[in-house]
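Report on the structure given below.
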Amino acid sequence: MIKLTTEEIRYIGLFEQITKVPAKDCVIDEVSNSLVTFVVDENKMGMAVGMGGSNVRRLKKIIGKDVDLVAFSEDPLQLAKNALAPAVAEKVEVVEKNGKKVIVVTMDYQNRKLAIGKGGRRIRNARKIVQRHHGIEDIVFR
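Numbering (the working numbering), first residue to last: 10 to 151.
This is the structure we're talking about:
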């Protein structure tokens, strides 16, 4: 079961009110506190984004933080790819490391910069999402 903070619950309510799309999860970057990532069903992404990104812009204005949307997937590798988008991975695999499951992502330097995000905020939120939904301990780059 996913434990949400009061702030995450508030943001989910606001997200659902604006987009009319249920959010599966909400992750706030704990370090910079400048990015909120919502996880939604893959088939509801278009509706969540809104025409021309209108819902995302509206949320960003109200919340005062950058907003990212991630398409949920039952497959942990696909969820990791979705969470790291717009970066494109060459290869994604799950490996056992010290008894823990870790996702290893292979990508070029330009895509790695995109995947990490400003100050590491995108990769932090991606790690938290795959950990909450699939029990994967970490995402590392090769």
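Cβ atoms here follow ideal geometry from the backbone N, Cα and C, with glycine treated the same way.
Note that the structure is predicted; figures quoted are calculated from it, not measured.
Considering only the alpha carbon of each residue, which of V149, K12, E16 lies closest to L93?
Position 84 of the sequence shown, counting from 1, holds the residue named residue 93. The shortest C-alpha separation from L93 is found at V149.
Measure how close the beta-carbons of V65 and L78 come, nearest whole angstrom, since I'm counting them as under 8 Å.
By 1-based counting over the sequence shown, the position of residue 65 is 56. By 1-based counting over the sequence shown, the position of residue 78 is 69. That pair is a contact at about 7 Å.
Flag this pair as yes or no: are the beta carbons of K70 and V76 separated by less than 7 Å?
Residue numbering aside, residue 70 sits at position 61 when the sequence shown is read from its first letter. Residue numbering aside, residue 76 sits at position 67 when the sequence shown is read from its first letter. No, Cβ-Cβ distance for K70 and V76 is not below 7 Å.
Would DSSP call I148 helix, strand or coil?
Translated into positions along the sequence shown, residue 148 becomes position 139. Correct three-state label for I148: strand.
With L88 as the anchor, note down where its alpha helix (DSSP H) starts and where it stops.
In the sequence shown, the residue the question calls residue 88 occupies position 79. Counting along the chain, the alpha helix (DSSP H) containing L88 begins and ends at 85 to 93.
If we count Cβ pairs, one from each stretch, closer than 8 Å, do we get three or more for the region 42 to 57 versus the region 14 to 31?
Yes, the region 42 to 57 is in contact with the region 14 to 31.
Mapping DSSP to helix, strand and coil, what is I11?
Taking the first residue of the sequence shown as position 1, residue 11 is located at position 2. Reduced to three states, the DSSP call for I11 is coil.
Continuous alpha helix (DSSP H) stretch holding V65: start and end:
By 1-based counting over the sequence shown, the position of residue 65 is 56. Element bounds for V65: 63 to 72.
Going by DSSP, what residue range makes up the beta strand (DSSP E) through A32?
To locate residue 32, count along the sequence shown from 1; it is residue 23. First-last of the beta strand (DSSP E) with A32: 32 to 37.
Taking the beta strand (DSSP E) that A96 falls in, what are its first and last residues?
Reading the sequence shown from its first residue, position 87 is the one you call residue 96. It is not in any beta strand (DSSP E) - A96 carries neither H nor E in the DSSP assignment.
Does the Cβ-Cβ distance between F81 and K33 come in under 7 Å?
Here residue 81 corresponds to residue number 72 of the sequence shown, with the count starting at 1. Here residue 33 corresponds to residue number 24 of the sequence shown, with the count starting at 1. A contact, by the Cβ cut-off of 7 Å.
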